[in-house]
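Written below as structure tokens is the structure these notes are about.
Residue numbers (the working numbering), protein chains in the order written: chain A, 1 to 45; chain B, 46 to 239.
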């Protein structure tokens, strides 16, 4: 079959699921803690 | 019947008060717009993923620290962060010095003072030498992440693939590496600036 060089693959312009999962797990892994010097972020891992 | 859309500002408030699911809704609502915006500037899928990820890490940190001010729209704020990260990327990757388009062109900004350059280079080499010595004192796993990140300029995704640990573990190792570096510098009273 002849190749169609004008065919353009449609790419979905959105992040991969694993990128979103990483962001969501990062969010769950940190917690803000109030201190006398202001708020600090604690890594819960 | 279609459920009424919860406003971004409501989701942001809920997220700040600990409702993690609100973040997921916000990401899913705006992911295409933000991702397409970044891609339209960098034309590279992997780089777009990295910048998208860094954008939301910044968003999360700002929201959790309580530093977000509810003046404008959430999406405009996120797009501004993404835009700044794109600019940072181009600044970092650009090897060509740029001049501001100014009518007051200063020839001395182009000509170099060789003596000062040599002196600065010597100081810089000395500092880099000291830093390398301190890095040697770190535990191997922390040293590895730090060298990959700062000397080889790898992303945390690439580091995690190279070292066979998760991105979170790599981030954690980097964090401890930096804490330990600071402690060593403080303990040994090392001054790294001129």
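The beta-carbon is built from N, C-alpha and C at its ideal position, and this holds for glycine as well.
- Between the C-alpha atoms of residue 30 of chain A and residue 133 of chain B there is a straight-line separation of about 25 Å.
- Judged by DSSP secondary structure, residue 43 of chain A falls within the beta strand (DSSP E) whose first and last residues are 38 to 43.
- Look at the beta carbons and you see the region 169 to 181 of chain B not touching the region 197 to 205 of chain B: under three pairs across the two are nearer than 8 Å.
- For residue 25 of chain A, the closest of B:101, B:223, B:220 and B:187 by C-alpha to C-alpha distance is B:101.
- Residue pairing for residue 30 of chain A: DSSP places it in a beta bridge opposite A:43.
- Cα atoms of residue 105 of chain B and residue 23 of chain A: separation of roughly 9 Å, rounded to the nearest angstrom.
- The Cβ of residue 19 of chain A sits closer than 8 Å to at least one Cβ of chain B.
- Residue 222 of chain B counts as buried, since no fewer than 16 other beta carbons sit within 10 angstroms of its beta carbon.
- Note: residue 35 of chain A is bridge-paired with A:38 in the DSSP secondary-structure output.
- One Cα belongs to residue 35 of chain A, the other to residue 83 of chain B, and the distance between them is close to 36 Å.
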